[in-house]
Amino acid sequence: MLTKRFARKQLPIAVALASSGLMSYAFAQSDASDDSDQFRPIALEEVVVVGRLQSVAASLTDERLELPYSADFLGFEAISRAGDSTIGAALRRVTGVTLVDNKFIYIRGLGERYSNVTVNGAAVPSPDLARSVIPLDLFPSSIVESLKVQKSWGPELPANFGGGAIDIRTRSVPTGPVAAVSIGTGLNTESDDGLTYASSGGSMPKALSGAIDRYKGDLSQSNILDVENDAGNGISRDEAEQIQRNLIRSLNPNVGIKKSSLDPDRDIKVDLGNAWDVSDDLVLGASISGAYDEEYRNKNQVKRSIGSPNDSFSNVDRTVYEERTTLAIVLGAEYANDNTLQLSHYLIQNDADEARITTGFSNNNPASENRPDVDYVTRLEERELELTQLSGKHRLGEFSPIEALEMLSLDWFYSDAQATTEIPNATTFSGSIDRTTSPETPFISQSSTAGQFAFLSLEDNVESWGGRAELPIDIDGRELTVSGGWWNSEKSREYYGYTANVGTNATVGTPQTVFTDDRINDLNNVFDISMGSGFGNESYVAAQKISAVYGGLDFRMTEEWRLTVGARWEEYQQAVLPVNLLDYTGVFNQQLINQLQDPDQTFAFQNDDIYSSFALTYSGLGLIGAEEFQVRFSVSDTVVRPDLRELADVAYIDPELSVRVFGNPALKSTEIRNYDLRGEFYYEGGDNFTVSLFYKDLDLPIEQVEGAGSDDDTVLRYINGDSGEVYGVEFEGLKTLPAGFFLSGNVTLSDSEISITSNNEVTNTDRRLTGHSKYVVNASLGYDSPDERHSASLLYNVSSERIFFAGTSGNDDAFEQPFGSLDLIYNYYPTENLSLKVKLTNLLDSSREFEQKNSSGTNVKILEQEVGTSVGLSLSWKY
């Protein structure tokens, strides 16, 4: 871990944090917003799922009937049969949900910052370098029991609520013996051949880290000479230069990117568990499961500058190898049917290894000269999430001192989690290729940053705990449920980065031929090393703390009418402080401390408020021919706060689309008023239909806009708009068809508007919100054979164009174009224990495309990225 090397630098940072009163903050999100088995105690009754697709689809609506607030659910069987390997992919099928970058969820047209994600009701940290929200491709679907997406707010949820709240509810202990194994393979049509490279080395070399401390961040030859002579070592200029050359040699430039054939996808899953009756009252259970999968994907791109797309453009050959390992251990106990305990531990590791070669032209290097600029890039990102949770569910029952308290229940949880991300050595080499020669002649740039070596480390810790008590009271045959709870959480984040720059004038060749030990050791060749990215601060520390108490009343006034009200008091504290790891003078930290004393400082803040909700539900029979129906109306006030990364005064690279992003410490929170009206209709045979209307009024919405950058780079930053609104309608249903077929799906039609008058650089001061899609369509045509040996489904998902970022300086907004995904899944069950699955994804061979109209009125396709069609095959056996 890089963090160990920075202990000496943390004292002034700690002083700065203490001066703001925010030494050990945390942020956690606890969702206990319903009565639906929040902590999932062990069930004593065995449930056998025969697995018809139609029954699975129909079951997704069952839990919604008992909730006072609008929510959608996705169960394990539905996820498994759709063949979704990650939670992010599975959530695409939920009404009003779109998936961005295969990681982040947009709900009702609001970006990922407007959604929060919990695991079993508890907050967990994010290992994502670019965002504080959890990347949902991190969680394999194999550990999921169900997914809950709540779209109207209740006081049990964190007040940080915009589009919706996602709760990942992991699998509980089994009710009996369980044994299952699955193996699979697959391929992608765009990923037969791709780029691979030799190892880029481990973490930062000890020689380099020691030299940074010894020479106080200045590795120039003259400074090395001065420091050594001041220390009495009496070295010569040549010896100082040799010390510098040894530091360069300690780096590993021999990445050797080359074209190679790529291996097919591979995955394996194992699940074991059992339950034991210790006595008539005590049952113990345990399970252990593991999963491993790997895949290569080419994500080749074409990028064009907005100003002069015909002269300034680049082609990116890019291959990403992903490897994911998951271990889950669950222990549980149940006593007398009224008391349950569960201890869960999860270890999730996800590594992404990327090789990229970018060739391009610019206004300063026109295509007519046929000598494109070339960047060689390698990047290994190692992400890990370790999560331990202890939860309990209790009811007084026979232990109650009085009859009126027999139904008093208490749910509680404690969660401790750590997320880490390491980039041990990301390399970038700049050069060019002369295509007028035969063979082509490669060059390395004559610059002080011809080679760059980045070392990044993130550690995110979250500790949270809370509880919820509930007591139903009978009032003349009508039920009043009184509930209340508490919640405290602490979060700390450390993000540290170093960039080493190697310059040279030895230009002919590739990285592996120019940056060799022999050439570096030859003092006749010019090589130099320096530290710093050139983009400003690379590091920051941050902390959050939330303390909350809440309460609510749920009154069933009649058999038809139900009234639910609640309120939540929440105190929120946060600090985000930039760190200059190369400042050994103390000037930077002293300036930071001085700035924190300013009443108008934006590094740290603290506030508290009360957030309320109101919901009214009417249930009945026979409306529009339904056997049963419900109509719900709700209104609530919530807030969406900027995440840590958006507030940090640092620059970073979003790795998915290779764009540079800057934080903004001056961002303010968004206040939201939420309105929701939903009607649900259930028919004989499992058919159902749901329609929802929603409206959200936003004050100071946060937007991502285009910033100043070089001609061929996209640079993004964050600002607050003045006001905004989102409104729309959702339709969802399931219809049985003849011959074993059925149709299910959902459609969301919505619009949004934002007004920005405080920033005169934004081209369109009135427009849609960033990330908003006017329509989202999910449709599934399913088939179940009468003998239950065959099932199949054809799945289609598409959303309309959405604003990727807001345009400035006369350029229009940039739009990500619709991506229509058509998938086909077939399951064959030759025996009760054996199954075979075939999955084909993106049958339409859609690609990601981004378009923007420049100030001259020309529509430019600024980014295209290949996706390809994937084929997967898996064989499963279960006891």
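Residues -28 to -1, 1 to 851 (mature numbering (1 follows the signal peptide of the UniProt record, and there is no 0)) are what the sequence shown spells out, left to right.
By construction, the Cβ of each residue, glycine as well, lies at the ideal position given by its N, Cα and C atoms.
Predicted model, so just to flag it, every value in this text is computed and none were measured.
For I374, the number of other beta carbons within 10 angstroms of its own is below 16, and it is reported as exposed. Scanning its chain for C-beta atoms nearer than 6 angstroms, with the 5 sequence neighbours on each side dropped, one finds around A152 the residues D243 and K850, in chain order. With contacts defined as CB atoms closer than 8 angstroms, L180 and A472 qualify as a contacting pair. If you draw a straight line from the Cα of L815 to the Cα of G523, it comes to about 49 angstroms.
For V346, there is no enclosing alpha helix (DSSP H); the residue is found in the beta strand (DSSP E) stretching over D345 to R367. The three-state reading of DSSP puts P411 in coil, since its state is none of H, G, I, E or B. Listed in chain order, the non-local C-beta contacts of S417 below 6 angstroms within the same chain comprise S402 and G403, local neighbours out to five positions each way being set aside.
Listed in chain order, the non-local C-beta contacts of S727 below 8 angstroms within the same chain comprise G693, D694, S695, G696, T737 and D738, local neighbours out to five positions each way being set aside.
R290 carries a strand assignment under DSSP once its states are collapsed to helix, strand and coil. DSSP places E599 outside both helix and strand once states are collapsed to three, so it counts as coil.
DSSP lists L428 as the bridge partner or partners of I395.
When rounded, the separation of the alpha-carbon atoms in D784 and D572 is 34 angstroms. In the structure shown, D235 adopts coil according to DSSP, grouped into three states. Between I518 and S461, the C-beta spacing is below 8 angstroms. According to the DSSP secondary-structure assignment, G136 is paired through a beta bridge with S87. Under the three-state reduction of DSSP output, N270 falls in the strand class. In the three-state reduction of the DSSP assignment, V66 falls in the coil class. With a threshold of 16 other beta carbon atoms within 10 Å, P130 meets it and is buried. Annotation for R209: the continuous alpha helix (DSSP H) segment containing it runs R209 to S222. Of the candidates R36, A137, A50 and L159, L159 places its Cα closest to the Cα of G844.
Residue burial is scored here from C-beta neighbours: E38 has fewer than 16 other C-beta atoms within 10 angstroms and is therefore classed as exposed.
Distances from the CA of S724 to each of L766, R774 and G705 were compared; the closest alpha carbon is that of R774.
With respect to G481, F499 sits apart: the two C-beta atoms are not nearer than 8 angstroms.
L741 is the residue among L812, P758, L741 and G754 whose C-alpha sits nearest the C-alpha of F787. Rounded to the nearest whole angstrom, the C-alpha separation of G423 and L223 is 10 angstroms.
Annotated three-state conformation of S52 is helix, per DSSP.
Taking every protein chain shown into account, the CB of T408 has fewer than 16 other CB atoms within 10 angstroms, so this residue is exposed. Per DSSP, the continuous beta strand (DSSP E) segment holding S464 begins and ends at R450 to T476. Non-local C-beta neighbours of R355 in its own chain, meaning closer than 6 angstroms and more than five positions away in sequence, comprise P99, N322 and T393, ordered along the chain. With a contact defined as Cβ atoms closer than 8 angstroms, K231 and L299 miss out at about 35 angstroms.
DSSP places P444 in the strand class (E or B) of the three-state scheme. Inside the region 479 to 504, DSSP marks whole alpha helix (DSSP H) runs of 4 or more residues at positions 483 to 486 and 489 to 493, from first to last along the chain.
Just so you know, the alpha carbons of L368 and D252 end up roughly 19 angstroms apart. Short of 6 angstroms from the beta carbon of F133, and not among the five residues preceding or following it, lie these beta carbons of its own chain, in chain order: W125 and T610. Cβ-Cβ distances below 6 angstroms link I301 to I260 and H317 in the same chain, with the five nearest sequence neighbours on each side left out; the list follows chain order. In the three-state reduction of the DSSP assignment, G93 falls in the coil class.
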